């Protein structure tokens, strides 16, 4: 302390030096994160693009999965993801409406919030165990699209609730007041006024949920994913191949791991393009939404 | 009279809708309970064979031997070791990047960096696992002359990439929530920007930042595909950061496919799931408690 008073000029230099050091570290961290993402993407892209052909995208695997394409896995992932969003969307939006429009501060809402937060924190492999114990074994769905989609749907439920809540909260209170003042019932106000205004935000959340569901592996390992199927699923009680699980299988199982590397890179690239493409759409949608806000 | 009746049914309808929506909102809590019920249903039969203490602290995990041994202590240590090192990397990077976004970066860079972090959060874990396997693993093996590049440090680095977005985005919200007056007062007293950030803004946002770190840790400990693919899979207590380990999540994911239905092994994997569920539940409840207990309600509270 004494020194600070005795040498004010030296002291200022030292203080600014510390600041520069700190700012340097802060910028470095931002750089490292950016580099990590771009590095991974560039590497996958550089190694994966050669594998991407029309056949790769439209043919099933052949020669015990050392050649051929990944079409069944793409289709399987689409089924699982669409199923998951069909489960999570209605539940999530209704939950969000209750939490924002109906619930008053109190024990119940507190419990629901803690429940949603904790559900968001459950490890994905535990969702897999639950799906196995409940949907596959107890409800006897077997390893199937239905069981996998339900498991994934529960997994993304907190994401959907969170996004829908944000979107509904962003609708100005004056909209509701104007509607209620005209004698419109609360339900009609929500359905005709609040929800349409919040819809783009809700959809953004849903898209992010889709991206999340498409990339998950652990929850579908015991509930839906098949090592290999030559034919496409015919009903929701069939097993399916899925892109993330296919990557895991090719990269870790079997005797042809090195030989199938190009296929692995190709599959990773397709999955990344799908997931990050979906995320990018959501991000762009949200930023245009913010810019064009009418209120 | 007719009108009155109409408004009565209308009122009844409103209440019915309210209750219905309430039920669906409560479903999240029910699902949490249901998860617990089914983990217990499939996991508890194990404890007819061995005691809880032997299960948790037994040092031998040989589920397929005869007689089998179901001690998950090596798996717990594996999970904790990887999580610890992942946090060592992810906490500084996540926190510093949050400071950069919230306090220092120009508007344009800020938006780009936020998008980058969001995309990083969106990277499927199996992709990171794959990357760790084909790039980081061989590189580690060659550089440090190791028997295998699939080990604690590899898994920690890949997990850190997964935990950074969680830590960064929650910390950033917390930093934004610090009232302007705090900053202005600090500048008015002649503090530099660095001193303001370190001594005023971060302490004021501490509850949010701690929540971020805890949730980041919970994310890391529960992550499956990365550790399944790059942690090496050895169910032994590690002695160094270059040892291979088999975290709980990896053990469940790798073995569930082979474990005969409702065998001791199957029950043991569900019981491991219970342990995992309890750990992450505790982390989330602590995070919830901190963020509620120390919520900044206005510029007057600190």
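Protein chains in written order, with the numbering used here: chain W, 1 to 295; chain E, 1 to 302. C-beta: ideal position from N, C-alpha, C; glycine also. The structure presented is a predicted model; accordingly, all values stated were derived computationally and were not measured.
Option nearest residue i by Cα separation, candidates the options
i: residue 231 of chain E; options: E:95, E:39 and E:137; result: E:137
i: residue 156 of chain E; options: E:108, E:61, E:265 and E:80; result: E:80
i: residue 272 of chain W; options: E:75, E:131 and E:87; result: E:131
i: residue 246 of chain E; options: E:98, E:206 and E:152; result: E:152
i: residue 17 of chain W; options: E:250, E:265, E:213 and E:194; result: E:194
i: residue 117 of chain W; options: W:219, W:154, W:289 and W:14; result: W:154
i: residue 268 of chain E; options: E:248, E:102 and E:281; result: E:248
i: residue 11 of chain E; options: W:183, W:220 and W:270; result: W:183
i: residue 238 of chain E; options: E:29, E:215 and E:150; result: E:150
i: residue 146 of chain E; options: E:209, E:244, E:73 and E:58; result: E:244
i: residue 134 of chain W; options: E:278, E:34, E:242 and E:250; result: E:34
i: residue 74 of chain W; options: W:169, W:173 and W:269; result: W:269
i: residue 242 of chain E; options: E:54, E:142, E:257 and E:209; result: E:142
i: residue 31 of chain W; options: E:75, E:126, E:65 and E:114; result: E:114
Rounded straight-line distance, which links the Cα of residue j to that of residue i
i: residue 52 of chain W; j: residue 266 of chain W; result: 6 Å
i: residue 228 of chain E; j: residue 83 of chain E; result: 14 Å
i: residue 12 of chain W; j: residue 286 of chain E; result: 41 Å
i: residue 45 of chain E; j: residue 56 of chain E; result: 15 Å
i: residue 273 of chain E; j: residue 240 of chain E; result: 26 Å
i: residue 19 of chain W; j: residue 94 of chain W; result: 49 Å
i: residue 46 of chain W; j: residue 176 of chain E; result: 38 Å
i: residue 259 of chain E; j: residue 158 of chain W; result: 31 Å
i: residue 271 of chain E; j: residue 213 of chain W; result: 26 Å
i: residue 383 of chain W; j: residue 263 of chain W; result: With chain W represented from 1 up to 295, any question about residue 383 of chain W goes unanswered, as that position is not in the structure.
i: residue 193 of chain W; j: residue 27 of chain E; result: 26 Å
i: residue 130 of chain W; j: residue 146 of chain W; result: 14 Å
i: residue 202 of chain W; j: residue 91 of chain W; result: 13 Å
i: residue 154 of chain E; j: residue 40 of chain W; result: 15 Å
i: residue 50 of chain W; j: residue 277 of chain W; result: 19 Å
i: residue 253 of chain E; j: residue 42 of chain E; result: 16 Å
i: residue 59 of chain W; j: residue 38 of chain E; result: 39 Å
i: residue 215 of chain W; j: residue 245 of chain W; result: 9 Å
i: residue 174 of chain E; j: residue 206 of chain E; result: 8 Å
i: residue 161 of chain E; j: residue 93 of chain E; result: 10 Å
i: residue 124 of chain E; j: residue 49 of chain E; result: 38 Å
i: residue 122 of chain E; j: residue 169 of chain E; result: 13 Å
i: residue 165 of chain W; j: residue 99 of chain W; result: 8 Å
i: residue 8 of chain E; j: residue 191 of chain W; result: 20 Å
i: residue 250 of chain E; j: residue 266 of chain E; result: 14 Å
i: residue 132 of chain W; j: residue 23 of chain E; result: 25 Å
Start and end residues, alpha helix (DSSP H) containing residue i
i: residue 207 of chain E; result: 206-222
i: residue 218 of chain W; result: 218-221
i: residue 69 of chain W; result: Careful: residue 69 of chain W lies outside any alpha helix (DSSP H) and carries neither H nor E.
i: residue 127 of chain E; result: 125-131
i: residue 291 of chain E; result: 264-293
i: residue 140 of chain W; result: Taken as a continuous stretch (DSSP letters only), residue 140 of chain W belongs to no alpha helix (DSSP H), as it is neither H nor E.
i: residue 49 of chain E; result: First-last for residue 49 of chain E: undefined, no H or E at that position.
i: residue 199 of chain E; result: First-last for residue 199 of chain E: undefined, no H or E at that position.
i: residue 264 of chain W; result: 261-291
i: residue 225 of chain E; result: 225-230
i: residue 180 of chain E; result: 180-188
i: residue 149 of chain E; result: Segment: none, residue 149 of chain E is in no alpha helix (DSSP H) and carries neither H nor E.
i: residue 244 of chain W; result: 243-252
i: residue 179 of chain W; result: 173-181
i: residue 91 of chain E; result: 73-99
Cβ-heavy atom distance, residue i to the ligand FMN, below 7 Å
i: residue 54 of chain W; result: The ligand FMN is absent from the structure shown, which contains no ligand whatsoever.
Decide if the stretch 203-219 of chain W is in contact with the stretch 272-285 of chain W; the criterion is three or more beta carbon pairs, one per stretch, under 8 Å apart. yes
Counting Cβ pairs, one atom from each stretch, are 3 or more of them under 8 Å apart for the stretch 197-206 of chain E and the stretch 170-183 of chain E? yes
Pull out every residue of the stretch 11-44 of chain W whose Cβ sits closer than 7 Å to any Cβ of chain E, in chain order. 15, 16, 18, 19, 22, 23, 25, 26, 27, 29, 30, 32, 33, 34, 36, 37, 40 and 43
Given 8 Å as the limit, is there contact between the stretch 162-172 of chain E and the stretch 113-132 of chain E, that is, 3 or more CB pairs closer than that? yes
Any 3 or more C-beta pairs closer than 8 Å across the stretch 178-196 of chain W and the stretch 142-156 of chain W: no
Evaluate contact between the stretch 236-249 of chain W and the stretch 91-110 of chain W, counting only Cβ atoms and requiring at least three cross-stretch pairs below 8 Å. no
Is there contact here, the stretch 219-235 of chain W with the stretch 9-23 of chain E, by at least three beta-carbon pairs under 8 Å? no
Inter-stretch contact (C-beta, 8 Å, three-pair minimum) for the stretch 218-226 of chain E and the stretch 121-131 of chain W: yes
Of the residues that make up the stretch 212-231 of chain E, which ones have a beta carbon closer than 9 Å to any beta carbon in chain W? 215, 218, 219, 221, 222, 223, 224, 225, 228 and 229
Could you name the residues of the stretch 161-195 of chain E whose beta carbon sits closer than 8 Å to any beta carbon of chain W, in the order they occur along the chain? 161, 164, 168, 192, 193, 194 and 195
Output needed in chain order: residues of the stretch 248-277 of chain W with a Cβ under 8 Å from some Cβ in chain E. 248, 251, 252, 261, 264, 268, 271, 272, 275 and 276
At a Cβ cut of 9 Å, what residues of the stretch 137-149 of chain W count as close to chain E, listed as they run along the chain? 137 and 138
With three or more beta-carbon pairs closer than 8 Å as the criterion, would you say the stretch 26-41 of chain W touches the stretch 96-106 of chain E? yes
Taking only beta carbons into account, state which residues of the stretch 61-93 of chain W come closer than 7 Å to chain E, listed in chain order. 91
Relative to chain W, which residues along the stretch 32-58 of chain E have a C-beta separation below 8 Å, given in chain order? 32, 34, 35, 38, 39, 41 and 42
Residues of the stretch 154-172 of chain W with a CB closer than 8 Å to any CB of chain E: list them in chain order, please. 154, 157, 158 and 161
Going along the stretch 180-203 of chain W in order, which residues come within less than 7 Å of chain E, judged by CB to CB distance? 185, 186 and 187
Under 9 Å (Cβ pairs) to chain E, residues found in the stretch 94-112 of chain W: 94, 95, 96, 97, 98, 99, 101, 102, 103, 108, 109, 110, 111 and 112
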